[in-house]
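Reading through the structure tokens given below for one structure.
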Amino acid sequence: MKKIIITILLWFSVFIVIAQSDPQDSAWIKDNYTKLEQYIPMRDGIKLFTAIYIPNDKTEKHPILVTRTPYSCAPYGKEFSSRLWERHWKYYARENYIIVVQDVRGRWMSEGEFEDVRPFNKNKTGLETDEASDTYDAIDWMVKNLPGNNGNVGVFGISYPGFYSTMAAASGHPALKAVSPQAPVTDWFMGDDFHHNGAFFQLDGFGFYSGFGKPRPKPTTIGSPGFNFKVRDNYKFFLEAASLKKLAALMGDSIQFWKKMYAHPNYDTWWQARDARRAMYNVKPAMLVVGGLFDAEDCYGAWNLYKAIEKQNPSANNKIVMGPWSHGQWSSGDGSFLGNVKFGMNTAHWYQNNIEIPFFNYYLKGKGEVEKIPEATIFFSGENQWKKLNQWPPAAMQSKDIFLTENGGLSWTAPAGKESFSAYTSDPAHPVPYTEDVHHGRTREYMTDDQRFAARRPDVLTFQTDVLTEDITLAGVVTANLKVSISGTDADFVVKIIDVFPDDFIYPGDKPQAGRTAGGSYPMGGYQMMVRGEIMRGKYRNSFETPTPFKPGKVETVRFDLPDVAHTFKKGHRLMIQIQSSWFPLADRNPQQFMNIYEANETDFKKAVIRIFHDAKNQSSIVLPVMNK
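Counted the way our numbering counts, the sequence shown spans residues 1429 to 2057.
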């Protein structure tokens, strides 16, 4: 039991900021709820282990709120789960919801074989199963067998449980009235967790799968230990690992999904089948997609799942909420800051009390007014304000090119001069770090980190505006449109959108500081806040299915999207763009030769000269979603 508790705590310390619990909440829940443990049968005979918390109240019938998880419904036995009072679940308990947590097929105490992001099978027949059918069968059993339920079911979950929430929406069960996929795993090749635009996010991938992916021969309450890191500096560890081939050797041969990732380096049919958006047709329940503007894991999934539902189900009841949060921070007790950046209010509590609880209360209990929840509830950092919008992107948004110019400038006017470029040498032996400090695990805070450390490197290009004379609000997708040449046959391109604070900037209540002192506030004057960053593996510039090499010295277009932003650059600030070709060890190193990087040897990694052009013939720009006044 000790091992399982440690495993769960380690997992959620990465992804969830736990709210401070009130001892009165835990005492009340234990006094007013009864816990059941049940094996629920699926259509093929496999049974899924399920923890069920039933309110003792008998004055009315109660809705069922479900989360399905690969991370365990522990504790097993009579003990209650602390998530009932350490998170905003306590509000559902006070509303007398029947609260259900289920181990998905093949994980922990459930029977069957586990498959990562199991593809949705729209043509299944007979005893064929997928995660949608498992959800259907579980719901069907619950509404028929749980005492005192009112026949209405909701499903929610964060991260991987967000994926299972998406699959729930595809189940088609008539009792399922409301679903909230939160930071949902949606596409693990294009932008969630383990790949971004084909670049492998090795820091998350290795740390996660070294424990999570270990085989489980039979149902168990004991979690698997992760990799024993002897080096606690992740930059040093992954640089010494040298290549993905050597990283695979450290991982070992037992982790099947890791091996399959290596076997499918491109966006082939295997990956495409695991795009959760393919299941989002004929969506019937009310949908509330939730995510964090600064979610390091699944920011892509939240934005793009919402858009897919909108496109594929024009009449669906589909809403989105995006706040200034790291992964799962909206379920915490705070949400007023991330790293050094402050947001001026407890955004988590505001969301819980004004959006999520009213959403489920309306659809599952017939309580309240859902009309108060708009189509899109988006927090705009910079100005630190919630905006209620009737569509996303907003109707007032206009895509505008801001052009890179010589001498590190940015201009709304296209360059008119002859050949002009900025150049740097990308050296895989000295990759650009993703954050300044020394860390073991990947930080949440890097999404808003100060980028001054990167601006001072010779292998990072910096372009910025003059001091802004009026506010500029961005609301939507940012697109990098780069004209480049490289000396090799492949390279990565990292583009970062940065808000440069005035040199005299301080937050209200902070004291001006000449430097950083123990216990003191971070010096925010001149802070370069990363608003959004994204990487593109260059060989996929024309097709993610069929990579193509660069011709050394030839000018080519590298165009790719960055996940949506919602940010206001205030008057007196500057807008900055940084461009680099490594983001280490967050993303793996590119050998800068056209090849299958999973098979690269240490000797394959070469320096490359990267040129970014900004002249009349080859205009590099960043397409910004500017909100009109």
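Built from N, CA and C at the ideal position, the CB exists for glycine as well.
- Task: Grab the span of the alpha helix (DSSP H) containing Asp1918 for me, first residue to last.
- Result: No alpha helix (DSSP H) holds Asp1918; DSSP gives it neither H nor E.
- Item | Backbone secondary structure at Leu1476 - three-state DSSP | strand
- Query: Name the DSSP beta bridge partners of Ser1809, please?
  - Reply: His1995
- Item | Gly1729 and Pro1612 closer than 7 Å at C-beta | yes
- Item | Range of the contiguous beta strand (DSSP E) that encloses Gln1684 | Unbroken run through Gln1684 is the alpha helix (DSSP H), Gln1684 to Ala1691; no beta strand (DSSP E).
- Query: Under 7 Å, do Phe1921 and Val1860 count as touching if we go by C-beta distance?
  - Reply: no
- Query: What number of angstroms, rounded off, separates the C-alpha of Val1912 from the C-alpha of Leu1832?
  - Reply: 12 Å
- Message: Assuming the contact rule is C-beta atoms closer than 8 Å, Met1825 and Gly1954 should be a hit. Round their C-beta distance to whole Å, please.
- Response: Contact doesn't hold; Cβ gap of about 29 Å is too wide.
- Message: Quick check: the stretch 2009-2018 against the stretch 1975-1993, are at least 3 beta-carbon pairs closer than 8 Å?
- Response: no
- If Ala1724 sits next to Arg1872, beta carbons under 8 Å apart, how far is it from one beta carbon to the other, in whole angstroms? 6 Å
- Query: DSSP three-state call for Thr1976: helix, strand or coil?
  - Reply: coil
- Query: By Cβ distance, which residues of its chain are closer than 8 Å to Ile1434, with the 5 residues on each side in sequence left out?
  - Reply: Model confidence at Ile1434 stands at a pLDDT of 34, short of 50, so the residue's coordinates are unreliable and nothing is read from them.
- Enumerate in chain order the residues of its own chain whose CB-to-CB distance from Pro1693 is below 6 Å, with the five nearest sequence positions on each side excluded. Asn2024 and Tyr2026
- Query: According to the neighbour-count rule (16 or more other Cβ atoms, all chains shown, within 10 Å of its Cβ), is Thr1853 buried or exposed?
  - Reply: exposed
- Item | Same chain, Cβ closer than 8 Å to Phe1508, five either side skipped, listed in chain order | Ser1454, Ile1457, Lys1458, Tyr1461, Lys1463 and Tyr1481
- Message: Just verifying my parser: in three-state terms, what is the DSSP assignment at Ile2025?
- Response: helix
- Message: Rounded to the nearest angstrom, what separates Tyr1790 and Glu1797 at their Cα positions?
- Response: 7 Å
- Message: Does the structure place the stretch 1692-1709 close enough to the stretch 1735-1748 that three or more beta carbon pairs sit under 8 Å?
- Response: yes
- Message: Please give me, in chain order, every unbroken run of the beta strand (DSSP E) with length at least 3 that falls completely inside the stretch 1593-1668.
- Response: 1604-1610
- Can we say the stretch 1468-1484 touches the stretch 1535-1542, given the rule of at least three CB pairs closer than 8 Å? yes
- Query: Taking 6 Å as the line, does the beta carbon of Asn1460 fall inside it for any heavy atom of the ligand GDP?
  - Reply: In terms of ligand content, the structure shown is empty, and the ligand GDP therefore cannot be addressed.
- Hey, quick one: how far does the beta strand (DSSP E) through Glu1465 stretch, first residue to last? Tyr1461 to Pro1469
- Message: Which of the three DSSP states is assigned to Met1952 in this structure?
- Response: coil
- Task: Output the boundary residues of the alpha helix (DSSP H) element that contains Met1570.
- Result: Glu1559 to Asn1573
- Query: If you check the beta carbons only, do Arg1870 and Asp1632 fall under 7 Å apart?
  - Reply: yes
- Hey, how far is the Cα of Asn1781 from the Cα of Pro1975? 47 Å
- With distances taken between CB atoms, is the gap from Asp1829 to Lys2035 smaller than 7 Å? no
- Would a C-beta distance cut-off of 7 Å place Leu1838 and Thr1907 closer than the cut-off? no
- Message: I need the straight-line Cα distance from Lys1371 to Leu1512, nearest angstrom please.
- Response: Limits of the chain in this structure are 1429 at one end and 2057 at the other, which puts residue 1371 out of reach.
- Message: Let me confirm a value: Leu2089 is counted as buried when at least 16 other C-beta atoms fall within 10 Å, else exposed. Which label applies?
- Response: There is simply no residue 2089 to check, as the chain begins at 1429 and stops at 2057 in what is shown.
- What's the C-alpha gap between Gln2008 and Thr1648? 45 Å
- Item | Met1470 versus Ala1566: straight-line alpha-carbon distance, rounded | 7 Å
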